[in-house]
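> Everything in the sequence shown is counted per my numbering, starting at 365 for the first residue and increasing by one.
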Amino acid sequence: MSRTSRFVVALICGMTVALSTGSGFTASAGSGVEFPPPPPLGLDEVPVPEDNPMTPAKVDLGRRLFFEKRISGDGTIACASCHMPQRGFSNGRQYAIGIGGRIGLRNAPTIINAAYNDTHFWDGRAKSLEEQAKGPIQHPAEMGATEAHIAKTLGALPSYRESFQRVFGSEKITLDRVVKAIATFERTILSGNSLFDRWFFGGDKAALTPAAVRGFKLFRGRGNCVKCHLVDSFSAPFTDHKFHNVGVGFDGRPTHPGREKITKRARDRGKFKTPTLRDISKTMPYMHDGSLKTLEEVIDYYDRGGLANPNLDPDMKPLKFSKLEKSDLLAFLHSLDGSPPIIQAPRPSR
365 MSRTSRFVVA LICGMTVALS TGSGFTASAG SGVEFPPPPP LGLDEVPVPE
415 DNPMTPAKVD LGRRLFFEKR ISGDGTIACA SCHMPQRGFS NGRQYAIGIG
465 GRIGLRNAPT IINAAYNDTH FWDGRAKSLE EQAKGPIQHP AEMGATEAHI
515 AKTLGALPSY RESFQRVFGS EKITLDRVVK AIATFERTIL SGNSLFDRWF
565 FGGDKAALTP AAVRGFKLFR GRGNCVKCHL VDSFSAPFTD HKFHNVGVGF
615 DGRPTHPGRE KITKRARDRG KFKTPTLRDI SKTMPYMHDG SLKTLEEVID
665 YYDRGGLANP NLDPDMKPLK FSKLEKSDLL AFLHSLDGSP PIIQAPRPSR
């Protein structure tokens, strides 16, 4: 049985329908189910922090909290409001939208394969998924919640009290416990086993079209895209987890400081984290400011070499791709659409 098949089987075996909550992971110790399941083809093992081990019950609680709008200050925004499963766990808008219709400053990044990230947010200000989850929950323009509000709101619902008791050993509801559960759920949002993975790692030479194969050669060769969007011998994260200035935003509009805001170093102005390219066709619009609406626009932008500015990455140079080469590169990018888990919003907890 392939690693991808084992992942699917383990995930299915580790999940049963829990009528009280709408769904969930309910496999327990001694059930014979491998948990967490092995990752899909093309991905490494998921790193799990020692202080937040994964359990099926914690994944289930995290999923419910991920979709729970009542966490937000006005009861209208959930994590899933900006990270929609049907939109590649992004939101399809140029910017994130918070409570009261407040418009954010940056595009909502996908959480697909965020389990592997060294840092989170476009500027890398959070060092873990747990720390990242706290940011939007507490931000006044995003979810605008306080720990007291969360504890009171969720504590009034028996099913949540029961779940916190089962997962954490007591009914006490704290922000730390909430984000630990959400982060645990997010570590299950993995996408691999794409056509590219089956071709490159699985040895299925018929998995890619000739155009996609030519596109990968451009990606790895003359385009040098692979320098930041890594493909290794045994896995392909399609990110180097580093920060680069590719010129986005330097077109006369007010620019975001990017990584400079965190490091306080002028040389980091305009640098943003390299996003993964997995499931890239589903997560439009693109770049940290959502300024490029289609993959065709992204390819054209890089083909031009970006926008000149004092900190532009030296690898950003005109590529002069032909129309056919651009089409081949697009075909390759579409081959990175994988098999993320099908996540349905649970029924509201009571």
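A virtual CB, placed ideally from N, CA and C, is assigned to each residue, including glycine.
(1) Is it buried or exposed, P574, if we count other Cβ atoms within 10 angstroms and call 16 or more buried?
(2) Helix, strand or coil: how does DSSP classify G519 here?
(3) Buried or exposed: which applies to A494, given that a residue is buried once 16 or more other Cβ atoms fall within 10 Å of its Cβ?
(4) Should K635 be labelled buried (16 or more other beta-carbon atoms within 10 Å of its own) or exposed?
(5) Since I believe G702 is in contact with G556 (beta carbons under 8 Å), could you give me their beta-carbon distance rounded to a whole number of angstroms?
(6) Sorted by chain position, which residues of the same chain lie with C-beta nearer than 6 Å to R633's C-beta, five sequence neighbours on each side aside?
(7) Please work out which residues of its chain come closer than 6 Å, Cβ to Cβ, to T419, disregarding the five sequence neighbours upstream and downstream, and give them in chain order.
(8) Based on DSSP bridge pairs, tell me the residues matched to S650.
(9) Taking one C-beta from the region 637 to 650 and one from the region 696 to 711 each time, how about it: are there three or more such pairs within less than 8 Å?
(10) Would you say the region 689 to 697 touches the region 481 to 501, given that touching needs at least three Cβ pairs under 8 Å?
(11) Per the contact definition of three or more C-beta pairs closer than 8 Å, is the region 433 to 453 in contact with the region 558 to 573?
(12) Using the beta-carbon count (16 or more within 10 Å), is K491 buried or exposed?
(13) Looking at the strands, I want to know which residues DSSP matches up with F636.
(14) Kindly indicate the opening and closing residues of the alpha helix (DSSP H) around A545.
(15) Per DSSP, M620 is paired with what?
(16) Mapping DSSP to helix, strand and coil, what is S558?
(17) With distance defined between alpha-carbon atoms, name the residue in V410, P402, H503, D408 nearest to G468.
Taking the coordinates as given:
(1) Classification for P574: exposed.
(2) Residue state, collapsed to three classes: helix.
(3) The question names Ala, yet the displayed sequence has Glu at residue 494. The residue in question, E494, is buried, as its Cβ has 16 or more Cβ neighbours within 10 Å.
(4) Under a 10 Å Cβ-count criterion, K635 is classified as buried, with 16 or more other Cβ atoms of the shown protein chains found around its own Cβ.
(5) At roughly 5 Å, the Cβ-Cβ gap stays under 8 Å, so G556 and G702 are in contact.
(6) Excluding positions up to five away in sequence, the list reads P621, E624, N675.
(7) Hits under 6 Å: none found.
(8) According to the sequence as given, residue 650 is Tyr; it is not Ser. Its beta-bridge partners are L656.
(9) The answer is yes - the region 696 to 711 touches the region 637 to 650, with three or more Cβ pairs under 8 Å.
(10) Under the 8 Å Cβ criterion, the region 689 to 697 does not count as touching the region 481 to 501, having fewer than three qualifying pairs.
(11) Touching, no, given that fewer than three Cβ pairs across the two stretches are closer than 8 Å.
(12) With fewer than 16 other beta carbons inside 10 angstroms of its own, K491 counts as exposed.
(13) According to DSSP, F636 bridges with H608.
(14) Counting along the chain, the unbroken alpha helix (DSSP H) around A545 starts and ends at 539 to 550.
(15) Before going further, note that residue 620 is His rather than Met in the sequence given. None, per the DSSP bridge assignment.
(16) S558: coil per DSSP, three-state reduction.
(17) That would be H503, whose Cα lies nearest to the Cα of G468.
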